[in-house]
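Enquirer: For the sequence shown, the positions run 275 to 325 when the numbering used here is used.
Glycine residues also receive a C-beta, built at the ideal position from the N, C-alpha and C atoms.
What you are looking at is a predicted structure, and each value in this text was computed from that prediction instead of being measured.
Sharing a structure below in structure tokens format, with a few things to ask.
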Amino acid sequence: SRKDLAELSGMSSETVIRMIKKFNEDGLIQMDGKKFKVIDYDRLISISEKG
Numbered sequence: 275s276r277k278d279l280a281e282l283s284g285m286s287s288e289t290v291i292r293m294i295k296k297f298n299e300d301g302l303i304q305m306d307g308k309k310f311k312v313i314d315y316d317r318l319i320s321i322s323e324k325g
């Protein structure tokens, strides 16, 4: 769940929700209800490394 992602990442639920929405808009992930599919794994890795 989004709450679980927030706890794992050390971020607030609101921040996680905003990031998921932005990643979806940017084509990094694809949303399907409460599930998401990674579309651009390399860009996500780059974001995680560089911030």
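Does MET285 come out as helix, strand or coil in the three-state DSSP assignment?
Expert: coil
Enquirer: Which residue or residues does DSSP assign as beta-bridge partners of ILE303?
Expert: VAL312.
Enquirer: What is the rounded straight-line gap between the Cα of SER261 and the Cα of LEU279?
Expert: Within the shown structure, residues of the chain are numbered from 275 to 325, placing residue 261 beyond reach of any answer.
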